[in-house]
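Asker:
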Amino acid sequence: MYEIGNKSVFFVTVVMGFIGLIGIYQSGIQAQRLLPDFSRMGATYLQLLIREIGPSVGAMIIATRVGAGIAAEIGSMVVTEQVDALRMCAADPIDFLIKPRFIASIVMTTCLIIWICTVMFCAGAVTAWSFFDVPFRTFFNFTMVETGDVVICLTKCVAYGAAIPIVSGYCGLSTFGGSEGVGWATTRAVVNSSLAVVFLDLIISVAGFFIFFAR
Numbered sequence: 355m356y357e358i359g360n361k362s363v364f365f366v367t368v369v370m371g372f373i374g375l376i377g378i379y380q381s382g383i384q385a386q387r388l389l390p391d392f393s394r395m396g397a398t399y400l401q402l403l404i405r406e407i408g409p410s411v412g413a414m415i416i417a418t419r420v421g422a423g424i425a426a427e428i429g430s431m432v433v434t435e436q437v438d439a440l441r442m443c444a445a446d447p448i449d450f451l452i453k454p455r456f457i458a459s460i461v462m463t464t465c466l467i468i469w470i471c472t473v474m475f476c477a478g479a480v481t482a483w484s485f486f487d488v489p490f491r492t493f494f495n496f497t498m499v500e501t502g503d504v505v506i507c508l509t510k511c512v513a514y515g516a517a518i519p520i521v522s523g524y525c526g527l528s529t530f531g532g533s534e535g536v537g538w539a540t541t542r543a544v545v546n547s548s549l550a551v552v553f554l555d556l557i558i559s560v561a562g563f564f565i566f567f568a569r
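What follows is the structure in structure tokens.
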């Protein structure tokens with residue numbers, strides 16, 4: 355959990371904080387041109403953040419660090435025959451190498467995405483106040499967030515947290531060809547984890563719409 359969560363906090367905070375800042379700035383410019391009314395900016399942004407941007411973009415950022423690390427670590431163990439040694443001791447590599455990372459990833463991905471949403475919303479509030487004179491009291495508007503939005507967000511957190519170690523662990527265990535193979539396994543882990551996030555995002559978003567919002 356420390357490797358996946360604590361060591362990722364600074365990275366995701368900086369990256370997602372700037373994404374939140376830029377997103378509100380660009381949205382504010384467009385709103386200023388069309389309809390200079392910022393009273394619903396915070397409420398709309400928070401709903402979009404919880405339902406889509408925070409979980410999905412955050413998970414792809416996490417996949418680049420966590421997924422690459424898992425694949426590189428397990429891949430190195432494969433090419434140095436440490437995984438073969440586990441099998442010779444009648445130990446299942448999945449139990450020793452994948453399951454602990456699977457549990458830790460679900461827990462810490464959920465925590466990180468909640469933190470990401472908080473950071474992005476606060477960064478957006480500061481940007482709206484600095485550039486568009488939107489008071490914090492106006493921006494911190496939670497009226498558009500529904501129970502369905504929170505359920506969709508948490509479902510995505512768990513799904514992404516499960517997918518990243520499974521995909522990355524598989525890429526690591528399928529490593530071959532020495533150190534060059536470790537590099538290719540790391541690349542495959544990042545690419546395939548990102549694709550898994552996008553695929554799960556589509557499924558959960560569509561299912562969530564029909565369950566919670568279709569009338």
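Reminder that position 106 of the sequence shown reads as 460 in the numbering used here, one-by-one numbering, no gaps. Glycine included, each C-beta is placed from N, C-alpha and C at the ideal position. Note that the structure is predicted; figures quoted are calculated from it, not measured.
(1) Hey, would you say A539 sits closer than 8 Å to S547, going by beta carbons?
(2) The alpha helix (DSSP H) spanning W418 covers which residue range?
(3) Among I460, F567 and L400, whose alpha-carbon lies nearest the alpha-carbon of V473?
(4) Please determine if the segment 365 to 373 and the segment 458 to 470 are in contact, where contact requires at least 3 C-beta pairs separated by less than 8 Å.
(5) If we count the other Cβ atoms within 10 Å of its Cβ and call it buried at 16 or more, is P390 buried or exposed?
(6) State buried or exposed for R387, treating a residue as buried only when at least 16 other CB atoms are found within 10 Å of its CB.
(7) Could you tell me whether the segment 425 to 433 touches the segment 491 to 503, using the rule of 3 or more Cβ pairs below 8 Å?
(8) With distances taken from CA atoms, which of R394, G421 and M414 is nearest A543?
(9) Looking at C-beta atoms only, is the number of pairs between the segment 367 to 381 and the segment 473 to 493 that lie closer than 8 Å three or more?
(10) Is it buried or exposed, L556, if we count other Cβ atoms within 10 angstroms and call 16 or more buried?
(11) Output the boundary residues of the alpha helix (DSSP H) element that contains Y399.
(12) So is V334 buried or exposed if we call it buried at 16+ other beta carbons inside 10 Å?
(13) Cutting at 6 Å between CB atoms, please list the residues of its own chain near I378, excluding the five before and the five after it.
(14) Going by DSSP in three states, Y524 sits in which element: helix, strand or coil?
(15) Can you tell me whether DSSP reads T497 as helix, strand or coil?
(16) Where does P519 fall in DSSP's three states?
(17) For I565, count neighbouring C-beta atoms within 10 Å of its own C-beta (all shown protein chains included) and say buried if the count is 16 or more, exposed if not.
(18) Which residues in the same chain as S410 place their Cβ atom closer than 6 Å to its Cβ, once the five residues preceding and following it in sequence are excluded?
(19) How would you label G532, buried or exposed, when you count the other beta carbons within 10 angstroms and need 16 or more for buried?
(20) Which of the three DSSP states is assigned to Y514 in this structure?
Answerer: For this structure:
(1) Contact annotation: A539 and S547 have beta-carbon atoms that are not nearer than 8 Å.
(2) A small correction: the amino acid at residue 418 is Thr; Trp does not occupy that position in the sequence shown. Element bounds for T418: n/a, residue is neither H nor E.
(3) Selection I460, F567 and L400 evaluated against V473 yields L400 as nearest (Cα-Cα).
(4) Result yes; three or more Cβ-Cβ pairs closer than 8 Å.
(5) By the Cβ-count criterion, P390 is exposed, with fewer than 16 other Cβ atoms from all chains shown falling within 10 Å of its own Cβ.
(6) By the 10 Å Cβ count, R387 comes out exposed.
(7) Cβ pair count under 8 Å is below three, so no.
(8) When the alpha-carbon of A543 is set against those of R394, G421 and M414, the nearest one is in G421.
(9) The count of Cβ pairs closer than 8 Å, one atom from the segment 367 to 381 and one from the segment 473 to 493, reaches three, so the stretches are in contact.
(10) Label assigned to L556: exposed.
(11) Following the DSSP letters along the chain, one finds Y399 inside the alpha helix (DSSP H) bounded by residues M395 to L402.
(12) Since the first residue of the chain shown is 355 and the last is 569, residue 334 is not available in this structure.
(13) Cβ within range, chain order: G478, T481 and A482.
(14) Three-state DSSP puts Y524 in a helix.
(15) Of the three classes helix, strand and coil, the one that applies to T497 here is coil, per DSSP.
(16) In this structure, P519 counts as helix in the three-state DSSP scheme.
(17) When all chains shown are included, I565 counts as exposed.
(18) Closer than 6 Å at Cβ, skipping near neighbours: D555.
(19) With fewer than 16 other Cβ atoms within 10 Å, it is exposed.
(20) In the three-state scheme derived from DSSP, where H, G and I count as helix and E and B as strand, Y514 is classed as helix.
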